[in-house]
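Colleague:
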Amino acid sequence: MKWLTALALLSLGFAMAGEPAKTTLTGSYVWNHIPNEPGNLKAVFTPKGEKTYDVAFYFKFDGVNHVYSGTATGSLEDGNLEGKVKNENKRRTFTFSGTCKKGSFSGVHSEIGRSGEKKTGTLTLAAK
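Add 708 to a position in the sequence shown, counting from 1, and you land on the number used in the numbering used here.
(1) Under 8 Å, do residue 815 and residue 806 count as touching if we go by C-beta distance?
(2) In whole angstroms, what is the alpha-carbon distance linking residue 785 and residue 810?
(3) Looking at the secondary structure, which residues open and close the beta strand (DSSP E) in which residue 817 lies?
(4) Helix, strand or coil, according to DSSP, for residue 784 in the structure here?
(5) Hey, residue 789 and residue 767: beta-carbon distance below 8 Å or not?
(6) Can the beta-carbon of residue 771 be found less than 8 Å from the beta-carbon of residue 833?
(7) Report the option in 824, 760, 829 and 819 whose CA atom is closest to the CA atom of residue 782.
(8) Give the C-beta separation of residue 796 and residue 774 to the nearest angstrom, bearing in mind that I take them to be a contact with Cβ-Cβ under 8 Å.
(9) Just the Cα atoms here: how many angstroms apart are residue 732 and residue 743?
(10) Hey, out of 747, 808, 751 and 823, whose CA is closest to residue 793's CA?
(11) Cβ of residue 780 within 8 Å of Cβ of residue 753?
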């Protein structure tokens, strides 16, 4: 019976070890057209490979909660970080790029539209 308990605990350990560790950063965003009204922002990065992540941004805009999701590449500690996300219905695409220093990110976001990429504001994030 002890070996069944040990096997169950070992299996649980392997299952937990197989899940990628998510990194959550929180901070704020600013839209260029309303620069005096920053909003709260949470970004969850899930590792997919070396310096590649799935990312989801959680924020409220005009009283509505949003989750924009996509991918990111770079460093979450020190170095460049950039990515591309889409809104919930996948009709709008945004990019973000900037630099991480000691786990804090500072950068810009832009929207890709018919006439190209247009800067839409800034964002800052840090570990909790």
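From the three backbone atoms N, C-alpha and C, an ideal C-beta is built for every residue, glycine too.
Modeller: The short version:
(1) For the purposes of this step, residue 815 is taken as the residue at position 107 of the sequence shown. For the purposes of this step, residue 806 is taken as the residue at position 98 of the sequence shown. For residue 815 and residue 806, yes; Cβs fall inside 8 Å.
(2) By 1-based counting over the sequence shown, the position of residue 785 is 77. By 1-based counting over the sequence shown, the position of residue 810 is 102. Their backbone Cα atoms lie some 5 Å apart in a straight line.
(3) Walking along the sequence shown from the start, residue 817 turns up at place 109. Start and end: 812-821.
(4) Against the sequence shown, residue 784 aligns to sequence position 76. Of the three classes helix, strand and coil, the one that applies to residue 784 here is coil, per DSSP.
(5) As a working note, residue 789 is residue 81 in the sequence shown. As a working note, residue 767 is residue 59 in the sequence shown. No, these two residues do not count as a Cβ contact at 8 Å.
(6) Taking the sequence shown and counting its residues from 1, one reaches residue 771 at position 63. Taking the sequence shown and counting its residues from 1, one reaches residue 833 at position 125. No; because the gap between Cβ atoms is not below 8 Å, this pair is not in contact.
(7) Your numbering for residue 782 matches position 74 in the sequence shown. For the residues 824, 760, 829 and 819, the minimum Cα distance to residue 782 belongs to 760.
(8) One-based indexing of the sequence shown puts residue 796 at position 88. One-based indexing of the sequence shown puts residue 774 at position 66. That belief holds up - the Cβ atoms of residue 796 and residue 774 are roughly 7 Å apart, short of 8 Å.
(9) Taking the sequence shown and counting its residues from 1, one reaches residue 732 at position 24. Taking the sequence shown and counting its residues from 1, one reaches residue 743 at position 35. Residue 732 and residue 743: Cα-Cα distance of roughly 25 Å.
(10) The count along the sequence shown starts at 1 and reaches residue 793 at position 85. When each option's Cα is compared against that of residue 793, the closest is 751.
(11) As a first step, residue 780 is located in the sequence shown; it is residue number 72 there, counting from the start. As a first step, residue 753 is located in the sequence shown; it is residue number 45 there, counting from the start. The answer is yes: Cβ separation under 8 Å.
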